[in-house]
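Residue numbers (my numbering), protein chains in the order written: chain G, 58 to 287; chain A, 58 to 287. Please read the structure below before turning to the comments.
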DNA sequence: GACTCAATTATGTCTATACATAAAGTTATT
DNA sequence: AATAACTTTATGTATAGACATAATTGAGTC
């Protein structure tokens, strides 16, 4: 026999695609499959677990394993580090700090992050350039107690985007994409007409202890696309 | 002792967050960690493998395991089934077929999917409604040999979106998001002014054998957002 | 029928052991 | 020096066996 878990993974996926194992029906249990494939139960387990993580199967103790009704495929997006995104296109990366201040955060934003009134917050606006052309405009609020050292960081050398990834790894957060018309400021900085449809990304990240780290709004230059792999 | 792989997973993540294990440095090997935690190497392996899959660690045979320099966090998007997205908001789902024809596919699109000239293709335009209000406008091209039975499917009952998920599960594809101004047709159907910034999703899916299944362009009503979890 | 409690069962996980494999390091050969 | 061949090493994977755990099933009771 000599089966590897990847062989079993492949064969199981084939049966799902060919509807030999139909959606919403139970498949044989691990012990039976192990016997059929001539391998140990652990090997079958490894293969089926991978399929469950990918959304093809649903598994529950005692209840058994069934093919997902509508396979909840998950698209994956590698979180964009702007420098890498630009350099991957073979373009030259650069950034320009437009403003940096310890200003007061508007209440609605503060509430969204669950920050108290007196939480020390710094705001940084940055323009990112690809081959000298505007690529994205970033408006970032950083909660200073979650990112010690940020206040004195030399952001002209290391962009805020990179500084934070390297110094304040976060554990979870959300990413929202929407479309928005360019305001006067965005139009001026990105070099487009006011009202142009721009892809807008809003991202909030939290550190280990559920305390907010940053809130970022990024407007991309016109015609930008985000690609997710399925 | 009595460690489970989840305990080790948690402890390793703590060391990464606390920089006890610094970015871009090697961590002890599995055998040593197994001894430290008082468990078997397989258990350590399970924990470290999970961390590697999540992007925190990079592992290579013989070279060992190192903490990722810039943890490539991956955001996950549960692929949107429009009905579920609308009903999850507590709104009533409905759809209206606007047009359906076996028209010829423009060459640029056909080339993008790698389809031959005479490949049988059907085009369906659908408007999706939430509580009677326009929610999204879908323009879909379906490669008929990849979706047998689609031609005769009663799309008034089951929306194209759902029909295809249930009858032609795909194995991989891409998802592109961008911002686009509403054209006259989109404006009319979605009930907004021409030129309004709309979030636009373009999705191509492929079946098991690399042959294209569908190409979908969806314009969402104004102010729509897509949320990804990190 | 409605409820409680125990028996059953499929998945989840841990262990010890073994061998496979990739890649780095070392030595021998040209 | 460059190259080839061997050794070493850390991860990758397979196995049999055991026990843990969640959830269904069914028996017994009210």
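By construction, the Cβ of each residue, glycine as well, lies at the ideal position given by its N, Cα and C atoms.
Contacts that residue i makes with chain A (C-beta to C-beta distance below 9 Å)
i: residue 231(G); result: 132, 284, 285, 286 and 287
Straight-line Cα distance separating residue j from residue i
i: residue 70(A); j: residue 95(G); result: 37 Å
i: residue 275(G); j: residue 236(G); result: 11 Å
i: residue 161(G); j: residue 105(A); result: 42 Å
i: residue 272(A); j: residue 152(G); result: 36 Å
i: residue 102(A); j: residue 87(A); result: 7 Å
i: residue 131(A); j: residue 145(G); result: 18 Å
i: residue 215(G); j: residue 163(A); result: 46 Å
i: residue 205(A); j: residue 287(G); result: 23 Å
i: residue 185(A); j: residue 68(A); result: 47 Å
i: residue 258(A); j: residue 140(G); result: 25 Å
i: residue 85(G); j: residue 93(G); result: 10 Å
i: residue 110(A); j: residue 150(A); result: 37 Å
i: residue 196(A); j: residue 260(A); result: 11 Å
i: residue 9(G); j: residue 226(G); result: The shown model of chain G, from 58 to 287, leaves out residue 9(G), and the question about it has no answer.
i: residue 78(A); j: residue 135(A); result: 32 Å
i: residue 244(A); j: residue 74(A); result: 48 Å
i: residue 220(G); j: residue 147(A); result: 41 Å
i: residue 158(A); j: residue 213(A); result: 14 Å
i: residue 280(G); j: residue 193(G); result: 11 Å
i: residue 133(A); j: residue 118(G); result: 26 Å
i: residue 256(G); j: residue 80(A); result: 32 Å
i: residue 137(A); j: residue 112(G); result: 14 Å
i: residue 143(G); j: residue 282(G); result: 13 Å
i: residue 248(G); j: residue 189(G); result: 12 Å
i: residue 224(A); j: residue 170(A); result: 20 Å
Helix, strand or coil at residue i according to DSSP, with G and I counted as helix
i: residue 233(A); result: strand
i: residue 107(G); result: helix
i: residue 78(A); result: coil
i: residue 184(A); result: strand
i: residue 175(A); result: coil
i: residue 165(G); result: helix
i: residue 227(G); result: coil
i: residue 244(G); result: helix
i: residue 131(A); result: strand
i: residue 84(A); result: coil
i: residue 136(G); result: coil
i: residue 94(A); result: helix
i: residue 281(G); result: coil
i: residue 213(G); result: coil
i: residue 113(G); result: coil
i: residue 72(A); result: helix
i: residue 239(G); result: coil
i: residue 120(G); result: coil
Contact list for residue i against chain G, beta-carbon separation under 7 Å
i: residue 222(A); result: 127
i: residue 270(A); result: The premise fails here: residue 270(A) is roughly 12 Å from chain G at the closest Cβ pair, so nothing lies under 7 Å.
Burial state of residue i, where buried means 16 or more other Cβ atoms lie within 10 Å
i: residue 218(G); result: buried
i: residue 83(G); result: exposed
i: residue 122(G); result: buried
i: residue 97(G); result: exposed
i: residue 173(G); result: exposed
i: residue 211(A); result: exposed
i: residue 128(A); result: buried
i: residue 253(G); result: buried
i: residue 177(A); result: exposed
i: residue 278(G); result: buried
i: residue 238(G); result: buried
i: residue 246(A); result: buried
i: residue 120(A); result: exposed
i: residue 208(G); result: exposed
i: residue 191(G); result: buried
Supposed contact pair residue j and residue i - C-beta distance, whole angstroms, cut 8 Å
i: residue 233(A); j: residue 167(G); result: Actually they do not touch by this definition, with Cβ atoms about 34 Å apart.
i: residue 155(A); j: residue 183(A); result: 6 Å
i: residue 99(G); j: residue 114(G); result: In fact, because the Cβ distance is near 17 Å, the residues do not count as touching under 8 Å.
i: residue 230(G); j: residue 263(G); result: 5 Å
i: residue 107(A); j: residue 66(A); result: 6 Å
i: residue 203(G); j: residue 250(G); result: About 38 Å; that fails the 8 Å criterion.
i: residue 181(A); j: residue 199(A); result: 7 Å
Contact set between residue i and chain A, taken where Cβ atoms lie within less than 8 Å
i: residue 136(G); result: 129, 130, 131, 132 and 287
i: residue 158(G); result: What residue 158(G) touches in chain A: nothing, since even the nearest Cβ is about 27 Å away.
Within chain G, partners of residue i - CB distance below 9 Å
i: residue 74(A); result: 226, 228, 264 and 265
i: residue 281(A); result: 235 and 236
Per-residue contacts from residue i into chain G (C-beta, under 8 Å)
i: residue 255(A); result: 236 and 254
Near the ligand ATP: residue i beta-carbon under 7 Å from a heavy atom
i: residue 123(A); result: With respect to the ligand ATP, the structure offers nothing, as it holds no ligand at all.
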